[in-house]
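**Q**
There are 2 protein chains.
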Amino acid sequence: MTFNDKTPHQLDVDDLPTLSELKNEEISVKANAPVTVVRRLPRYYRFLRDMLNHDILRTSSTELSKLMGVTASQIRQDLNYFGEFGQQGYGYNVKHLYMQISRILGVGSKFTAVTVGTHEFCTAFNENRMFEMRGVRVRGSFNVSCSEDLSSLANFCRDNEIDIAVINVSEQLIDETADAVINAGVKGIWNFSNLEIRSKELAVQNMCPGDSLMMLTYELNEKGKAAE
Amino acid sequence: MTFNDKTPHQLDVDDLPTLSELKNEEISVKANAPVTVVRRLPRYYRFLRDMLNHDILRTSSTELSKLMGVTASQIRQDLNYFGEFGQQGYGYNVKHLYMQISRILGVGSKFTAVTVGTHEFCTAFNENRMFEMRGVRVRGSFNVSCSEDLSSLANFCRDNEIDIAVINVSEQLIDETADAVINAGVKGIWNFSNLEIRSKELAVQNMCPGDSLMMLTYELNEKGKAAE
Chain A
1 MTFNDKTPHQ LDVDDLPTLS ELKNEEISVK ANAPVTVVRR LPRYYRFLRD MLNHDILRTS
61 STELSKLMGV TASQIRQDLN YFGEFGQQGY GYNVKHLYMQ ISRILGVGSK FTAVTVGTHE
121 FCTAFNENRM FEMRGVRVRG SFNVSCSEDL SSLANFCRDN EIDIAVINVS EQLIDETADA
181 VINAGVKGIW NFSNLEIRSK ELAVQNMCPG DSLMMLTYEL NEKGKAAE
Chain B
229 MTFNDKTPHQ LDVDDLPTLS ELKNEEISVK ANAPVTVVRR LPRYYRFLRD MLNHDILRTS
289 STELSKLMGV TASQIRQDLN YFGEFGQQGY GYNVKHLYMQ ISRILGVGSK FTAVTVGTHE
349 FCTAFNENRM FEMRGVRVRG SFNVSCSEDL SSLANFCRDN EIDIAVINVS EQLIDETADA
409 VINAGVKGIW NFSNLEIRSK ELAVQNMCPG DSLMMLTYEL NEKGKAAE
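Chains as they are written, first to last, in our numbering: chain A, 1 to 228; chain B, 229 to 456.
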């Protein structure tokens, strides 16, 4: 979904709202915003950023609805949760909305990260502007293929006060690797390995890309049946 | 979550149920199984495979509940949807359950794929056993950095009857790349780029890894606040 009538320009990382800029903003997320609503925020973030990239500064629930393929009433309900009301005859202020959502999601919190995996995995990630766009600084990369590789990773995390470890190691090494970075002060793990990590203390996102691949093969079979 | 008392062995791709093996199995997915239940199936698949890797051949909703961190009653409800009932005093047959879920998810359908992206992205994917484990054959890789690169990709897809394109190209090239592979007969897109692809005809999974990164930074901030 792109806006073909305008040439996009990439928002620079410096265009991101900084915490100090946002400090004076009235950001009131209702305490009872359910996690299902929070999970939808990254999608709003992407669509709003795309609008800003095309110099679109105001929008409506109807326009967002068409772009995002969800109902306008769901959009109004969602945005209502963090105190953002569209104004009659004006709609939503795209930049304000984008800044609010960015802040809620922790963009601009200046977290630091390391990538842990094969050379190719780390390079693919380090070259991705995804981190930079979200204010996360990748400080180092480590190839962990046996337990002995873990001490230099742990030392680096400790010395550099790393917040996030992006991990893609073999199933045999995942528990050890997680323990090593946690003991070295890492507070969040973005896990791309095949085994889930679960923790109440730690922030964890298990990607399990294979799950998504199977949803694709499921869909392929379903659409194939429908076409028969 | 691992079973520390047993040494795991990797299930070989040849251990996967083949379609002919499964043909004679009674697989009755209730027509009304909601998509939320289907979306949970890949997770069951992973945990059941891990059990098989540890030679655990039967299980109960209580055991699955502890491993997976969901309630036993949800597990019973979910499995009920595809006609699998635990037997009193025996529980569930892990291999049977694994085979049923594999079949529903299209594992073993022998789909073919190409990876499209930087050398590092493609290598990281091609080396991942994730595809092989799910019976998907990666037949080729293409680096698409401008429109001119698209014709050899399209020709390859056409000549090799490729089912799936795994795509990670720049935002500027995503629409053109999608069009090129669709016109060349590809039926499914696994999209790792920053822009969503939406299609009613095509099977599409939009990964949007940045969304997951933001859920992690959100969680980091929330846990940080709680600790203050």
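Beta carbons: idealized from backbone N, C-alpha and C, even for Gly. What you are looking at is a predicted structure, and each value in this text was computed from that prediction instead of being measured.
Counting only beta-carbon separations shorter than 8 Å, does B:Phe-339 have a partner in chain A?
**A** For the purposes of this step, residue 339 of chain B is taken as residue 111 along the second sequence, with counting starting at 1. Yes - at least one Cβ of chain A is within 8 Å of the one on B:Phe-339.
**Q** Taking Cβ-Cβ distances shorter than 7 Å, what residues in chain A pair up with B:Gln-349?
**A** Position 121 of the second sequence, counting from 1, holds the residue named residue 349 of chain B. With the sequence shown as reference, residue 349 of chain B is identified as Phe, and Gln is not the correct amino acid for it. In chain order: Ala-124.
**Q** Determine, using beta carbons only, whether B:Asp-439 and A:Pro-42 come nearer to each other than 8 Å.
**A** If you number the second sequence from 1, residue 439 of chain B lands on position 211. If you number the first sequence from 1, residue 42 of chain A lands on position 42. Yes.
**Q** Taking C-beta pairs closer than 7 Å, name the residues in chain B that A:Val-38 reaches, listed in chain order.
**A** One-based indexing of the first sequence puts residue 38 of chain A at position 38. Simply Tyr-446.
**Q** For B:Ser-369, which beta-bridge partners are listed by DSSP?
**A** Here residue 369 of chain B refers to the residue found at position 141 of the second sequence. B:Thr-343, per the DSSP bridge assignment.
**Q** So, helix, strand or coil for B:Ala-455, using DSSP?
**A** Taking the first residue of the second sequence as 1, we reach residue 455 of chain B at position 227. DSSP places B:Ala-455 in helix when its eight states are reduced to three.
**Q** List the residues that DSSP assigns as beta-bridge partners of B:Thr-287.
**A** Within the second sequence, numbered from 1, the residue matching residue 287 of chain B stands at position 59. DSSP output for B:Thr-287 lists B:Tyr-320 as bridge partner(s).
**Q** In the DSSP assignment, the alpha helix (DSSP H) including A:Ala-178 goes from what residue to what residue?
**A** What you label residue 178 of chain A is simply residue 178 of the first sequence in a count that begins at 1. Counting along the chain, the alpha helix (DSSP H) containing A:Ala-178 begins and ends at 174 to 183.
**Q** Which whole-angstrom value is the C-beta distance of A:Val-204 and A:Val-169, which I expect to be below 8 Å?
**A** Looking up residue 204 of chain A in the first sequence gives position 204. Looking up residue 169 of chain A in the first sequence gives position 169. No, A:Val-204 and A:Val-169 are not in contact; Cβ-Cβ is about 15 Å, not under 8 Å.
**Q** Taking three-plus beta-carbon pairs below 8 Å as touching, is the stretch 390 to 409 of chain B in contact with the stretch 340 to 355 of chain B?
**A** Flag = yes, the stretch 390 to 409 of chain B and the stretch 340 to 355 of chain B touch.
**Q** Given that B:Thr-346 touches chain A, what residues does it touch there, using C-beta distances under 9 Å?
**A** The residue given as residue 346 of chain B occupies position 118 in the second sequence. In chain order: Thr-123, Ala-124 and Glu-127.
**Q** With A:Ala-72 as the anchor, note down where its alpha helix (DSSP H) starts and where it stops.
**A** As a first step, residue 72 of chain A is located in the first sequence; it is residue number 72 there, counting from the start. Note, A:Ala-72: alpha helix (DSSP H), 72 to 81.
**Q** Three-state secondary structure (DSSP) at A:Ile-162?
**A** What you label residue 162 of chain A is simply residue 162 of the first sequence in a count that begins at 1. DSSP places A:Ile-162 in coil when its eight states are reduced to three.
**Q** Around the C-beta of A:Arg-39, are 16 or more other C-beta atoms found within 10 angstroms, so that it is buried, or is it exposed?
**A** Position 39 of the first sequence, counted from the start, is the residue given in the question as residue 39 of chain A. By the neighbour-count rule (16 or more Cβ atoms within 10 Å), A:Arg-39 is not buried but exposed.
**Q** Is the number of C-beta pairs between the stretch 184 to 191 of chain A and the stretch 438 to 456 of chain B that are closer than 8 Å three or more?
**A** The stretch 184 to 191 of chain A, when compared against the stretch 438 to 456 of chain B, does touch it at the 8 Å Cβ threshold.
**Q** Closest to B:Asn-281 by C-alpha separation, out of A:Glu-171, A:Met-207 and A:Ala-184, would be which residue?
**A** One-based indexing of the second sequence puts residue 281 of chain B at position 53. Checked all of A:Glu-171, A:Met-207 and A:Ala-184; the closest Cα to B:Asn-281 is A:Glu-171.
**Q** Between which two residues does the beta strand (DSSP E) carrying A:Asn-53 extend?
**A** Taking the first residue of the first sequence as position 1, residue 53 of chain A is located at position 53. Not the beta strand (DSSP E): A:Asn-53 falls in the alpha helix (DSSP H), residues 35 to 53.
**Q** Against chain B, with Cβ distances strictly below 8 Å, would A:Tyr-45 count as a contact?
**A** The residue labelled residue 45 of chain A in the question sits at position 45 within the first sequence. Closer than 8 Å: yes.
**Q** Assuming B:Val-432 is part of the beta strand (DSSP E), what are its boundary residues?
**A** As a first step, residue 432 of chain B is located in the second sequence; it is residue number 204 there, counting from the start. Start and end: 431 to 434.
**Q** My understanding is that B:Ser-369 touches B:Thr-343, with C-beta atoms under 8 Å, so please give their C-beta distance in whole angstroms.
**A** Indexing the second sequence from 1 puts residue 369 of chain B at position 141. Indexing the second sequence from 1 puts residue 343 of chain B at position 115. The pair is a contact, with the Cβ atoms about 5 Å apart (cut-off 8 Å).
**Q** Mind checking whether A:Thr-60 and A:Gly-91 have CB atoms under 8 Å apart?
**A** Residue numbering aside, residue 60 of chain A sits at position 60 when the first sequence is read from its first letter. Residue numbering aside, residue 91 of chain A sits at position 91 when the first sequence is read from its first letter. Before going on, a small fix: residue 60 of chain A reads as Ser here, not Thr. Cβ distance < 8 Å, so A:Ser-60 and A:Gly-91 count as in contact.
**Q** Could you compute how far the alpha carbon of B:Ser-337 sits from the alpha carbon of A:Glu-196?
**A** In the second sequence, the residue the question calls residue 337 of chain B occupies position 109. In the first sequence, the residue the question calls residue 196 of chain A occupies position 196. The alpha-carbon atoms of B:Ser-337 and A:Glu-196 are separated by roughly 26 Å.
**Q** Run down chain A in chain order and give the residues with a C-beta less than 7 Å from the C-beta of B:Ile-392.
**A** If you number the second sequence from 1, residue 392 of chain B lands on position 164. Within 7 Å Cβ-Cβ: Leu-216.
**Q** Give the residues from the stretch 270 to 299 of chain B that approach chain A closer than 8 Å (Cβ to any Cβ), ordered along the chain.
**A** Against chain A - using a Cβ distance shorter than 8 Å - the residues of the stretch 270 to 299 of chain B are Pro-270, Arg-271, Tyr-273, Arg-274, Asp-278 and Gly-297.
**Q** Excluding five sequence neighbours on each side, which residues of the same chain lie with their C-beta closer than 8 Å to the C-beta of B:Ala-382?
**A** For the purposes of this step, residue 382 of chain B is taken as residue 154 along the second sequence, with counting starting at 1. Same-chain partners within the cutoff: Ala-408, Val-409, Asn-411 and Ala-412.
**Q** Is the shortest distance between the beta-carbon of B:Gln-316 and the beta-carbons of chain A less than 8 Å?
**A** Numbered from 1 along the second sequence, position 88 holds the residue referred to as residue 316 of chain B. For B:Gln-316, the answer is no, since every Cβ of chain A falls outside 8 Å of its Cβ.
**Q** Going by alpha carbons, who is nearest to B:Asn-434 out of A:Glu-219, A:Lys-200 and A:Phe-156?
**A** For the purposes of this step, residue 434 of chain B is identified with residue 206 of the second sequence, where counting begins at 1. The residue with the shortest Cα to Cα distance from B:Asn-434 is A:Glu-219.
**Q** What's the call for B:Asp-387, buried or exposed, on a 16-neighbour Cβ count within 10 Å?
**A** Here the question's residue 387 of chain B lines up with position 159 in the second sequence. When all chains shown are included, B:Asp-387 counts as exposed.
**Q** With burial defined as no fewer than 16 other Cβ atoms inside 10 Å of the residue's Cβ, what is the status of B:Leu-285: buried or exposed?
**A** Indexing the second sequence from 1 puts residue 285 of chain B at position 57. Exposed, by the Cβ-count rule.
**Q** Given a cut-off of 8 Å on the beta-carbon distance, is the pair B:Cys-385 and B:Val-414 in contact?
**A** The residue you call residue 385 of chain B lines up with position 157 of the second sequence. The residue you call residue 414 of chain B lines up with position 186 of the second sequence. Yes.
**Q** Taking the straight line between their C-alpha atoms, what separation do you get for A:His-119 and A:Gly-106?
**A** Walking along the first sequence from the start, residue 119 of chain A turns up at place 119. Walking along the first sequence from the start, residue 106 of chain A turns up at place 106. Cα to Cα, A:His-119 sits roughly 28 Å from A:Gly-106.
**Q** For B:Ile-332, would you say it is in contact with chain A, using Cβ-to-Cβ distances shorter than 8 Å as the test?
**A** Translated into the one-based positions of the second sequence, residue 332 of chain B becomes position 104. Yes, its Cβ sits closer than 8 Å to a Cβ of chain A.
**Q** Suppose you measure from the CA of B:Met-460 to the CA of A:Ile-101; what does that come to, to the nearest Å?
**A** Residue 460 of chain B lies beyond the range of chain B shown here (229 to 456); nothing can be said about it.
**Q** Using alpha carbons as the reference points, say which of A:Thr-62, A:Met-51, A:Tyr-98 and A:Lys-95 lies closest to A:Gly-89.
**A** Your numbering for residue 89 of chain A matches position 89 in the first sequence. Of the listed residues, the one whose Cα sits closest to A:Gly-89 is A:Thr-62.
**Q** Span of the alpha helix (DSSP H) holding A:Glu-132?
**A** Here residue 132 of chain A refers to the residue found at position 132 of the first sequence. Run containing A:Glu-132: 130 to 133, per the alpha helix (DSSP H) assignment.
**Q** Anything in the stretch 173 to 186 of chain A with a Cβ closer than 8 Å to a Cβ of chain B? List those residues in chain order, please.
**A** If the cut-off is 8 Å between Cβ atoms, the stretch 173 to 186 of chain A has Asp-175 near chain B.
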